[in-house]
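A.B. asks: A single structure is presented below for examination.
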Amino acid sequence: MHLQLPTFNMAVKSTIDLKSSYRVVVVGAGMAGVSVANALLVSNEFAASDVCVLEAQSRIGGRIRTQPFSDSLPVNVEVGAAWIHGTEGNPFTDMAKKFGIVFKEVAPRNPWLHPGACKNFLFFDGDKQLPQEQVDETWQWQDLLMHKLQDLATSPNAADHQEKALSAIVDHLVASDEELGEAMKAPNARARLDMCLKLIEVWMGVNDDEVQLDDFTDIELIGDDAGAHCIVPAGMEHFIDHLAEPVKESIHTNVVVTSINYEDKDGVVIECSDGRRVSADHVVVTSSLGFLKSGKLHFQPELPAAKLGAIERSKMGQYMKILVEFPEIFWPENSTFIAQIKNSSVSSDAMDRRIYFPVVFNYQFAKGVPIIEGVLVGENASKISATFTEEEIAHALFLQLQETFGPNIPRPVNHFITR
Numbered sequence: 009m010h011l012q013l014p015t016f017n018m019a020v021k022s023t024i025d026l027k028s029s030y031r032v033v034v035v036g037a038g039m040a041g042v043s044v045a046n047a048l049l050v051s052n053e054f055a056a057s058d059v060c061v062l063e064a065q066s067r068i069g070g071r072i073r074t075q076p077f078s079d080s081l082p083v084n085v086e087v088g089a090a091w092i093h094g095t096e097g098n099p100f101t102d103m104a105k106k107f108g109i110v111f112k113e114v115a116p117r118n119p120w121l122h123p124g125a126c127k128n129f130l131f132f133d134g135d136k137q138l139p140q141e142q143v144d145e146t147w148q149w150q151d152l153l154m155h156k157l158q159d160l161a162t163s164p165n166a167a168d169h170q171e172k173a174l175s176a177i178v179d180h181l182v183a184s185d186e187e188l189g190e191a192m193k194a195p196n197a198r199a200r201l202d203m204c205l206k207l208i209e210v211w212m213g214v215n216d217d218e219v220q221l222d223d224f225t226d227i228e229l230i231g232d233d234a235g236a237h238c239i240v241p242a243g244m245e246h247f248i249d250h251l252a253e254p255v256k257e258s259i260h261t262n263v264v265v266t267s268i269n270y271e272d273k274d275g276v277v278i279e280c281s282d283g284r285r286v287s288a289d290h291v292v293v294t295s296s297l298g299f300l301k302s303g304k305l306h307f308q309p310e311l312p313a314a315k316l317g318a319i320e321r322s323k324m325g326q327y328m329k330i331l332v333e334f335p336e337i338f339w340p341e342n343s344t345f346i347a348q349i350k351n352s353s354v355s356s357d358a359m360d361r362r363i364y365f366p367v368v369f370n371y372q373f374a375k376g377v378p379i380i381e382g383v384l385v386g387e388n389a390s391k392i393s394a395t396f397t398e399e400e401i402a403h404a405l406f407l408q409l410q411e412t413f414g415p416n417i418p419r420p421v422n423h424f425i426t427r
């Protein structure tokens, strides 16, 4: 299914109105850029004419992008950012109260790193649902594994494992650690432990060989922020709607910034792809990490080594969301996530097993619609995107659901895939 993506619903200025000089220029109109402009204007120290936000795209919002699933099912789905990860001390919580935006709690802790805290997180091996005792045991292993990874990452022997894939590191721990070794004597233990690894991959947005041991030097810093982990049923774009309202006259879309010259102590000169130059007393760059890594934005002089090093070292997760609509619910309605152990008895050449979804999310629970969402991450997502059509990817999810819930489940009626 191909949808025409709607542009942002708030009118913003065209590039024709762009002046040659401002007190502050903000590069990028994602959440960070709009928030900066909003803070400047509500401080009452800057007028709208003092601030300029330059956005390369025809819409604002950056990674936040909400749209209807389809004309026939206009429920809001998130093309980009979809979660509030931890509500305590989170500025999104304060904004939600201010703007009247409602959260829906999915889990009291991070459901990928601490699935045991997530109610109705179902676990299947083929068409057999694991008993709750085994599910609880598996999620206890997840907590144990995270702490063992942290212990190894902070040990004197950490350097011996820095270049290894996550699965190889876990192999080492299973062979050398008494607690993990004992746990692996349980039925189907390694397949269940592998699901724990898959959940870590999904959380980080990378595949096994892209996860490094030093990612676990402090497991409290990799996503288990305090408070509930929630979705926003009305759509994340409502945050942008409200934040952009006071600054809409300062936002200019379709302006591609190519260079920033900050040699002159008296100000900054911003050059655009169409040849125009804008000067400012100050510039705030909120461009995405991917854009900064691309080298398409040039700085004069070059950024300090510390900043260049930070950009180079920073990693980006990659997600492909596959949302498949069915005519009716055939899965447990109150489930949150449904995990499925990979079926090793199926030929790896079979199309449905070259595309494997370790865990799917229940949109019936989230938004009251008969949709299942699968996620592919990292280089695997890139390869699958380049190899298969949208119809084949959606069909692969359907085939896996047949393995879980039986061959007589209804066929999908629609799908939506982010690329």
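With the first letter of the sequence shown counted as 1, position 276 gets the number 284 in the working numbering; the numbers rise by one all the way through. Built from N, CA and C at the ideal position, the CB exists for glycine as well.
Return the CA-CA distance between Ser-281 and Val-264, expressed in angstroms with no decimal places.
C.D. replies: Along the sequence shown, read from residue 1 onward, the residue named residue 281 stands at position 273. Along the sequence shown, read from residue 1 onward, the residue named residue 264 stands at position 256. Ser-281 and Val-264: Cα-Cα distance of roughly 6 Å.
A.B. asks: DSSP on Asn-269, reduced to helix/strand/coil?
C.D. replies: If you number the sequence shown from 1, residue 269 lands on position 261. Three-state result, Asn-269: strand.
A.B. asks: State the Cα-Cα distance for the pair Val-377 and Ile-330, rounded to the nearest angstrom.
C.D. replies: Within the sequence shown, the letter at position 369 stands for residue 377. Within the sequence shown, the letter at position 322 stands for residue 330. Cα-Cα distance, rounded: 15 Å.
A.B. asks: Given a cut-off of 9 Å on the beta-carbon distance, is the pair Glu-86 and Ala-236 in contact?
C.D. replies: Looking up residue 86 in the sequence shown gives position 78. Looking up residue 236 in the sequence shown gives position 228. Cβ atoms of Glu-86 and Ala-236: not closer than 9 Å.
A.B. asks: Between Tyr-30 and Val-286, is the Cβ-Cβ spacing less than 9 Å?
C.D. replies: Within the sequence shown, numbered from 1, the residue matching residue 30 stands at position 22. Within the sequence shown, numbered from 1, the residue matching residue 286 stands at position 278. Contact: yes.
A.B. asks: Using DSSP's beta-bridge definition, name the partner residues of Cys-60.
C.D. replies: Mapped onto the sequence shown, residue 60 falls at position 52. DSSP lists Val-33 as partners of Cys-60.
A.B. asks: Pairs of beta-carbons, one from the segment 118-136 and one from the segment 103-110, closer than 8 Å: are there three or more?
C.D. replies: They do not touch, by the three-pair rule.
A.B. asks: Nearest-angstrom Cα distance between Asp-360 and Leu-251?
C.D. replies: As a first step, residue 360 must be located in the sequence shown, where it is residue number 352. As a first step, residue 251 must be located in the sequence shown, where it is residue number 243. Summary for Asp-360: the model assigns pLDDT 48, below 50, so the residue's position carries little reliability, and this model does not support an answer.
A.B. asks: What is the residue span of the alpha helix (DSSP H) that Glu-209 lies within?
C.D. replies: Taking the first residue of the sequence shown as 1, we reach residue 209 at position 201. Element bounds for Glu-209: 197-212.
A.B. asks: Have a look at Lys-193 and Leu-201 and give me their C-alpha separation to the nearest angstrom.
C.D. replies: For the purposes of this step, residue 193 is taken as residue 185 along the sequence shown, with counting starting at 1. For the purposes of this step, residue 201 is taken as residue 193 along the sequence shown, with counting starting at 1. So the alpha carbons of these two residues sit roughly 12 Å apart.
A.B. asks: How is Ser-356 classed by DSSP in three states: helix, strand or coil?
C.D. replies: On the sequence shown, residue 356 is found 348 positions in, with the first residue counted as 1. Annotation note: pLDDT 49 at Ser-356 (below 50); position unreliable, no value reported.
A.B. asks: Taking 9 Å as the cut-off, decide whether the C-beta atoms of Gly-283 and Asn-84 are in contact.
C.D. replies: Start at 1 with the first residue of the sequence shown, and residue 283 comes out as number 275. Start at 1 with the first residue of the sequence shown, and residue 84 comes out as number 76. No. Outside cutoff.
A.B. asks: Just mark Lys-273 as buried or exposed, buried being the case when its beta carbon has 16 or more other beta carbons within 10 Å.
C.D. replies: Position 265 of the sequence shown, counting from 1, holds the residue named residue 273. The residue is exposed, with fewer than 16 neighbouring Cβ atoms inside 10 Å.
A.B. asks: For a test of the three-state rule: what should DSSP assign to Gly-41, helix, strand or coil?
C.D. replies: Numbered from 1 along the sequence shown, position 33 holds the residue referred to as residue 41. DSSP places Gly-41 in helix when its eight states are reduced to three.
A.B. asks: How many Å lie between Ala-183 and Gly-275 at the Cα?
C.D. replies: Taking the sequence shown and counting its residues from 1, the one referred to as residue 183 is at position 175. Taking the sequence shown and counting its residues from 1, the one referred to as residue 275 is at position 267. Whole-angstrom Cα-Cα distance: 60 Å.
A.B. asks: Can you tell which of Ile-227, Phe-365 and Met-324 has the C-alpha that lies nearest to the C-alpha of Thr-162?
C.D. replies: Here residue 162 refers to the residue found at position 154 when the sequence shown is read from its first residue. Looking at the Cα atoms, Ile-227 is the closest of the given residues.
A.B. asks: Please go through the same chain and pick out, in chain order, the residues whose beta-carbon is closer than 6 Å to the beta-carbon of Ala-389, but skip the five residues on each side of it.
C.D. replies: Mapped onto the sequence shown, residue 389 falls at position 381. Cβ within range, chain order: Gln-326 and Met-328.
A.B. asks: Looking only at its own chain, which residues have a Cβ that is under 7 Å from the Cβ of Leu-300, when we skip the five neighbours before and after it?
C.D. replies: Counting from one through the sequence shown, the residue named residue 300 turns up at place 292. Result list for Leu-300: Ile-319, in chain order.
A.B. asks: I'd like to check one pair, Pro-418 with Phe-369: are the Cβ atoms closer than 9 Å?
C.D. replies: Within the sequence shown, the letter at position 361 stands for residue 369. Within the sequence shown, the letter at position 410 stands for residue 418. No, the pair does not count as a contact, with Cβ atoms beyond the cut-off.
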